[in-house]
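Everything in the sequence shown is counted per my numbering, starting at 9 for the first residue and increasing by one. Ideal placement from N, C-alpha and C gives every residue a C-beta, glycine not left out. Data first, discussion second: the structure below is written as structure tokens.
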Amino acid sequence: MKIKKAIEILTMYLEKDKETVEYYNNEIEGAILEIFEDSIGAYEVAIEALDKQVEKIPIKMYEDKNNKNVWRCPICNLPNIYPEDNYCLHCGQKLDWSVEE
Ligand SMILES: [Zn+2]
9 MKIKKAIEIL TMYLEKDKET VEYYNNEIEG AILEIFEDSI GAYEVAIEAL
59 DKQVEKIPIK MYEDKNNKNV WRCPICNLPN IYPEDNYCLH CGQKLDWSVE
109 E
């Protein structure tokens, strides 16, 4: 299964659990509510981790004195990343350098 499809499915379950908690708002018992909150948290962590593996295009900051483009991470804004970096050194986001070619 492709990562984007997995994210789509996990997001669907995440939304369903959120809707359930909202729908039954004050009627869900403590322990059952905790189970829903745990699964919502787990879906969020999994989606965020998977999304780091989906390549994102870096944001151009400026051209340095050697006419070389300097970029920043599109997720955490870490400055001064270069096309040699396949992943952001700070947040681990996979980077898509096809824009630089
Ligand atoms: Zn980053």
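Inset, instruction - Could you check what DSSP says for residue 69 in three-state terms: helix, strand or coil? - result: For the purposes of this step, residue 69 is taken as the residue at position 61 of the sequence shown. Note: residue 69 maps to strand in three-state DSSP.
Inset, instruction - Going by DSSP, name the residue or residues bridged to residue 79. - result: Locating residue 79 in the sequence shown gives position 71, where the first residue counts as 1. 68, 89.
Inset, instruction - Please state whether DSSP places residue 41 in a helix, a strand or coil. - result: Counting from one through the sequence shown, the residue named residue 41 turns up at place 33. Residue 41 falls in the helix class under three-state DSSP.
Legend entry - Buried/exposed call for residue 40, threshold 16 Cβ in 10 Å: For this step, residue 40 is matched to residue 32 along the sequence shown. Residue 40 comes out exposed.
Legend entry - Selected residue, minimal CA-CA separation from residue 49, among 69, 59, 26, 66: Here residue 49 is taken as the residue at index 41 of the sequence shown, counted from 1. Nearest C-alpha to residue 49: 26.
Legend entry - contact_flag[the segment 68-81, the segment 14-33] where n(CB pairs < 8 Å) is 3 or more: At 8 Å Cβ cutoff, the stretches do not touch.
Inset, instruction - Mind reading off the beta-carbon distance from residue 65 to residue 19? Whole number of angstroms is fine, and I expect it under 8 Å. - result: Residue 65 sits at position 57 when you count from the first residue of the sequence shown. Residue 19 sits at position 11 when you count from the first residue of the sequence shown. Between residue 19 and residue 65 the Cβ distance is about 21 Å, and since that is not below 8 Å, they are no contact.
Inset, instruction - Please write down, chain order preserved, every residue whose beta carbon lies under 5 Å from a heavy atom of ligand 1. - result: Taking every residue with its beta carbon within less than 5 Å of a heavy atom belonging to ligand 1 gives, in chain order, 81, 83, 84, 86, 96, 98, 99, 101.
Legend entry - For residue 95, three-class secondary structure by DSSP: Within the sequence shown, residue 95 is the residue found at index 87, counting from 1. The three-state secondary structure of residue 95, taken from DSSP, is strand.
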